[in-house]
């Protein structure tokens, strides 16, 4: 089948590569707002050709939207106006409730399968695309009962081909869950980077000491604001809930130290250790 | 030379292995408060024999203290009473100001070289010891002007043999720096684990979604409270300073979301991105 990928960056580019390698796509057409990105994607062999949205969509069986979630909300209605009742649209955005709302009233709602593959790195752009991405990770398909059966089947085939484990949930639940297991980690990491950069502005020596623990905690702080500001904006209320809870948890550690209550500090850490069983499950 | 390692866990065990492999130790004697750990260390070949502190110290050229920092404060004066003016003591604890104070008045102060190798994992105990640890990481030697020249030289040789880059600083500066680049990462990670565990107690599905970003941020939350409570206790004031700053940074993100000030949110993330240059330096 012919696949159009809109937004040929980390996710779109890696998906384009994977679909070619798995024999799911006979041809991949790239669409990108940045001419520079489009040319780079072509040069890297992520896509077979690049063109405009208007030219790409009518030739395609599957249209994958892999742009930042803010842009996705604007583009999705445009793409819906360009398709027939046979083509399938799938988006891969990190928030799903806004997407659900923007397509709710379209007569072609059933052609859209909203998804969220749980894979990524802290890098972005076509150069960040890699071979073998997505395999053995989970992907979410949202509100499947609102998708046409053939559209759902096609998207399930795509994710099966990528080696992903499909989890089904509604858009609202998805957005709560990702606030916990993705969005808050990013905020924590950004804030931690700013804490260190702020206080140690004058000190150079410190960074010689930064070891593996520091690196793994602040790795996400390298993530691109053009991707993350729209995500936080879309998922504002859930993220605020989790952020408030996280600040409350940090205050417990603070209170332990202030009051020198080391028994409770021990308890807090023992409780945190239970995350082991969660991580080991994946 | 004959080396006694007191505390044959992750750090002590890995150091025992490395010193044997690098030909620095002809014999390693293990001392551990836990009989179980001592037997395991012997079984794993981390040490050649296990015995008591009183028997081990007199036979050794170098005594390495690799116990949690609280225990180290108690053991160090005992070891100082057991040595002659020729033996060398080196500790590897994560906080240094308390150590400096506890040895300050000893007539054999010069025999002690306080150090902190910046290597570790979230695991603990003799089974956590690994081959090839420490290489290409930084290690700190504190207050070197208070060490006897031959003692300092021996410890420098040990760290050079391990392939570590030596950074010299005083104990007070060390403790401020590690609050920023190690201790706060751990608190953040513990608090993040508790946030997720608290709110998602009833939900199982969420954990299927936990992806790489989450895992790297909460990895440190698996760390052992028996190691970390004493560290936070020793470095209480510095950790509180950094924790307050970190909570203030998180509040900036919270304010951006509450007020929907996405320009400032973009700025905060762009600033956090500067951590790249720090991480790439290591």
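Residue numbers (the UniProt record's numbering), protein chains in the order written: chain F, 1 to 282; chain W, 1 to 282.
Ideal Cβ positions, reconstructed from N, Cα and C, are used throughout, including at glycine.
{"query": "Endpoints, alpha helix (DSSP H) assigned at residue 247/W", "result": "236-258"}
{"query": "Beta-carbon gap between residue 71/F and residue 30/F smaller than 9 Å", "result": "no"}
{"query": "In DSSP terms, what residue 262/F is bridged to", "result": "For residue 262/F, which the question treats as bridged, DSSP gives no partner whatsoever."}
{"query": "Within the stretch 31-106 of chain F, ranges of the alpha helix (DSSP H) (whole runs, at least 4 residues)", "result": "35-43, 53-56, 69-82 and 97-103"}
{"query": "Residue span of the beta strand (DSSP E) that contains residue 166/W, given as start and end", "result": "165-169"}
{"query": "Where residue 186/W falls: helix, strand or coil (DSSP)", "result": "helix"}
{"query": "Strand pairing of residue 138/W, partner residues [DSSP]", "result": "165/W"}
{"query": "Chain W residues whose Cβ lies nearer than 7 Å to that of residue 189/F", "result": "217"}
{"query": "DSSP bridge partner residues for residue 177/F (one or two, in chain order)", "result": "BP columns for residue 177/F are empty, so no partner."}
{"query": "Simplified DSSP state of residue 269/W, which is helix, strand or coil", "result": "helix"}
{"query": "Residue 159/W at chain C interface by Cβ criterion, 9 Å", "result": "Among the protein chains of the structure shown, namely F and W, there is no chain C."}
{"query": "Chain-order list of residues whose beta-carbon lies under 6 Å from that of residue 114/W (same chain, five-residue window excluded)", "result": "91, 96, 99 and 142"}
{"query": "Of the residues 209/W, 135/W and 144/W, the one placed nearest residue 182/F, counting alpha carbons only", "result": "209/W"}
{"query": "Under the three-state DSSP convention, the category residue 158/F falls into", "result": "helix"}
{"query": "Cβ contact check for the stretch 127-144 of chain F and the stretch 155-170 of chain F: 3 or more pairs under 8 Å", "result": "yes"}
{"query": "Cross-chain neighbours of residue 123/F in chain W, by beta carbon under 9 Å", "result": "By Cβ distance, chain W contributes nothing, its closest Cβ being about 11 Å from residue 123/F, past 9 Å."}
{"query": "One or two residues paired with residue 29/W in a DSSP bridge", "result": "4/W and 49/W"}
{"query": "Residue 105/W burial status per 10 Å Cβ neighbour count (16 or more: buried)", "result": "exposed"}
{"query": "Spatial distance of residue 282/W from residue 119/W (CA atoms)", "result": "Low confidence applies here, because residue 282/W scores a pLDDT of 43, under 50, leaving its location unreliable; read the following figure in that light. Taking the straight line from one Cα to the other gives about 13 Å."}
{"query": "Where residue 130/F falls: helix, strand or coil (DSSP)", "result": "coil"}
{"query": "Other residues of its chain near residue 257/W: CB distance less than 8 Å, five sequence neighbours each side excluded", "result": "265"}
{"query": "Residue 77/F beta carbon less than 9 Å from that of residue 11/F", "result": "no"}
{"query": "Cβ of residue 100/W within 9 Å of any chain F Cβ", "result": "no"}
{"query": "Three-way DSSP call (helix, strand, coil) for residue 121/W in this model", "result": "coil"}
{"query": "Interface flag, residue 92/W vs chain F, CB-CB below 9 Å", "result": "no"}
{"query": "Proximity test, residue 230/F beta-carbon vs the ligand HEM heavy atom, cut-off 8 Å", "result": "As presented, the structure is devoid of all ligands, the ligand HEM included, so that no description of it is given."}
{"query": "Residues that residue 146/W contacts on chain F, provided the C-beta gap is smaller than 8 Å", "result": "Correct list: empty, because the minimum Cβ distance to chain F is about 20 Å."}
{"query": "Supposed contact pair residue 61/F and residue 1/F - C-beta distance, whole angstroms, cut 8 Å", "result": "4 Å"}
{"query": "Residue 14/W, enclosing alpha helix (DSSP H) - first and last residue", "result": "10-21"}
{"query": "Beta carbon proximity, residue 243/F to chain W, threshold 9 Å", "result": "yes"}
{"query": "For residue 135/F and residue 163/F, believed in contact at Cβ under 8 Å, the rounded distance", "result": "4 Å"}
{"query": "Buried or exposed by the 16-neighbour rule on C-beta atoms within 10 Å, applied to residue 174/F", "result": "buried"}
{"query": "Under 7 Å from the C-beta of residue 194/W: neighbouring residues of chain F", "result": "249, 268, 271 and 272"}
{"query": "Residue 9/W classed as buried or exposed, judged by whether at least 16 other C-beta atoms fall within 10 angstroms", "result": "buried"}
{"query": "Closer than 9 Å to chain W by CB, residue 224/F", "result": "yes"}
{"query": "C-beta contact flag for residue 234/F and residue 130/F at 9 Å", "result": "no"}
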